[in-house]
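*Asks:* Per the numbering used here, the sequence shown starts with residue 1080, numbered consecutively.
Glycine included, each C-beta is placed from N, C-alpha and C at the ideal position.
Here it is: the structure, laid out below.
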Amino acid sequence: MIKSIEDGRKEDGNRSIADKIIKRLHDLEKTVQNNHGRWAWELLQNAKDSVADSERQVSVNIEFCEDWIEFSHNGNHFTEQDIRGLINQISSKEVNEGEISIKTGRFGTGFLTTHLLSKEVFIKGIVETEAKEFYRFGFPLNRSGKTTALLIPQIETAWTEFHDSTEDNQVSDYNEEEFNTSFIYTLNKEQRSIAEIGVKEFTELIPYVLAFI
């Protein structure tokens, strides 16, 4: 392997990912006034999708504090594809030609809308590898860079932090009923107002959503 070529290939990939994220966030920010409460529904949808291929039910919990808000659920663990979808912004709902998925969507553009709440989120969970091993992880995902040059290092940091968090963190007593998955969003004063709107809307409308769906 020629290292310089491999490094260039990796840089090209990160640049493409960063360009896509910046464009999508720019488009979403034009709609922020009409989407203050959407983040909660997107996270709920992802929790639902985590158990879409099983007969399990899922419970969620929202903890709202002064400068952060945490959305957690006890749905299924992450897959390797889910982790790539989170960091590289590739929807894991995509299936091969001819296959049918009952998932609404997972970690695609919908998840990106949660960054209208905050560009900084800390993600905790358990991932299952292709070798059928489970690892606990926790890493920051920062989308605050407004240029490709600023966002590329943050993508690399997310990958580094993810891999570091799995070191010596293999799970031998995985309990799928626990609230293993969490998304913790850092909030400033303006973002706290968006979070308040989302929590209020979610609390008022969730009985109707569950009744009709």
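To the nearest angstrom, report how far apart residue 1205 and residue 1150 are at their CA atoms.
*Replies:* Start at 1 with the first residue of the sequence shown, and residue 1205 comes out as number 126. Start at 1 with the first residue of the sequence shown, and residue 1150 comes out as number 71. Looking at the two C-alpha atoms, the distance is approximately 15 angstroms.
*Asks:* Confirm, please, whether the CB-CB distance from residue 1139 to residue 1126 is below 9 angstroms.
*Replies:* If you number the sequence shown from 1, residue 1126 lands on position 47. If you number the sequence shown from 1, residue 1139 lands on position 60. Yes, the Cβ-Cβ distance between residue 1126 and residue 1139 is below 9 angstroms.
*Asks:* Measure the alpha-carbon distance for residue 1120 versus residue 1162 and round it to whole angstroms.
*Replies:* Counted from its first residue, the sequence shown places residue 1120 at position 41. Counted from its first residue, the sequence shown places residue 1162 at position 83. The alpha-carbon atoms of residue 1120 and residue 1162 are separated by roughly 20 angstroms.
*Asks:* Residue 1190 and residue 1263: beta carbons closer than 9 angstroms?
*Replies:* As a first step, residue 1190 is located in the sequence shown; it is residue number 111 there, counting from the start. As a first step, residue 1263 is located in the sequence shown; it is residue number 184 there, counting from the start. Result no, Cβ atoms of residue 1190 and residue 1263 do not sit closer than 9 angstroms.
*Asks:* How many Å lie between residue 1193 and residue 1288 at the Cα?
*Replies:* Mapped onto the sequence shown, residue 1193 falls at position 114. Mapped onto the sequence shown, residue 1288 falls at position 209. Roughly 19 angstroms separates the two Cα atoms.
*Asks:* Thinking residue 1097 and residue 1230 are a contact (beta carbons under 8 angstroms), I'd like their distance in whole angstroms, please.
*Replies:* Residue mapping note: residue 1097 aligns to position 18 of the sequence shown, counting from 1. Residue mapping note: residue 1230 aligns to position 151 of the sequence shown, counting from 1. Indeed, because the Cβ distance is near 4 angstroms, the residues count as touching under 8 angstroms.
*Asks:* By DSSP, does residue 1221 sit in helix, in strand, or in coil?
*Replies:* Numbered from 1 along the sequence shown, position 142 holds the residue referred to as residue 1221. Note: residue 1221 maps to strand in three-state DSSP.
*Asks:* Can you give the Cα-Cα distance for residue 1089 and residue 1279, rounded to whole angstroms?
*Replies:* Counting from one through the sequence shown, the residue named residue 1089 turns up at place 10. Counting from one through the sequence shown, the residue named residue 1279 turns up at place 200. Using only the alpha carbons, I get a separation of about 43 angstroms.
*Asks:* Count the CB pairs spanning the region 1215 to 1222 and the region 1267 to 1277 that are closer than 8 angstroms, and state whether there are at least three.
*Replies:* Because the criterion of three Cβ pairs below 8 angstroms is not met, the region 1215 to 1222 and the region 1267 to 1277 do not touch.
*Asks:* Give the range of the beta strand (DSSP E) segment to which residue 1142 is assigned.
*Replies:* Residue 1142 sits at position 63 when you count from the first residue of the sequence shown. Start and end: 1139 to 1143.
*Asks:* Write down every uninterrupted run of the beta strand (DSSP E) in the region 1190 to 1249 whose length is 3 residues or greater and which is fully enclosed by it, in chain order.
*Replies:* The qualifying runs are 1199 to 1207 and 1213 to 1221.
*Asks:* Taking Cβ positions, are residue 1094 and residue 1227 nearer each other than 9 angstroms?
*Replies:* As a position in the sequence shown, residue 1094 is number 15, starting the count at 1. As a position in the sequence shown, residue 1227 is number 148, starting the count at 1. Yes, these two residues count as a Cβ contact at 9 angstroms.
*Asks:* Quick check on residue 1284: buried or exposed, where buried means 16 or more other Cβ atoms within 10 Å of its Cβ?
*Replies:* One-based indexing of the sequence shown puts residue 1284 at position 205. By the 10 Å Cβ count, residue 1284 comes out exposed.
*Asks:* For a test of the three-state rule: what should DSSP assign to residue 1265, helix, strand or coil?
*Replies:* Here the question's residue 1265 lines up with position 186 in the sequence shown. Strand.
*Asks:* Compare the beta carbon distance of residue 1207 and residue 1159 with 9 angstroms and say whether it is the shorter of the two.
*Replies:* Numbered from its first residue, the sequence shown carries residue 1207 at position 128. Numbered from its first residue, the sequence shown carries residue 1159 at position 80. Closer than 9 angstroms, so yes.
*Asks:* Apart from the five residues on each side of it in sequence, which residues of its chain come closer than 7 angstroms, Cβ to Cβ, to residue 1245?
*Replies:* Stepping through the sequence shown from its first residue, residue 1245 is reached at position 166. The residues are 1214 and 1216.
*Asks:* In whole angstroms, what separates the C-alpha of residue 1238 from that of residue 1272?
*Replies:* For the purposes of this step, residue 1238 is identified with residue 159 of the sequence shown, where counting begins at 1. For the purposes of this step, residue 1272 is identified with residue 193 of the sequence shown, where counting begins at 1. For residue 1238 and residue 1272, the distance between alpha carbons rounds to 31 angstroms.
*Asks:* Residue 1181 to residue 1168, Cα distance in whole Å?
*Replies:* Here residue 1181 corresponds to residue number 102 of the sequence shown, with the count starting at 1. Here residue 1168 corresponds to residue number 89 of the sequence shown, with the count starting at 1. The predicted position of residue 1181 is uncertain, since its pLDDT is 44 and thus under 50; no value can be drawn from it.
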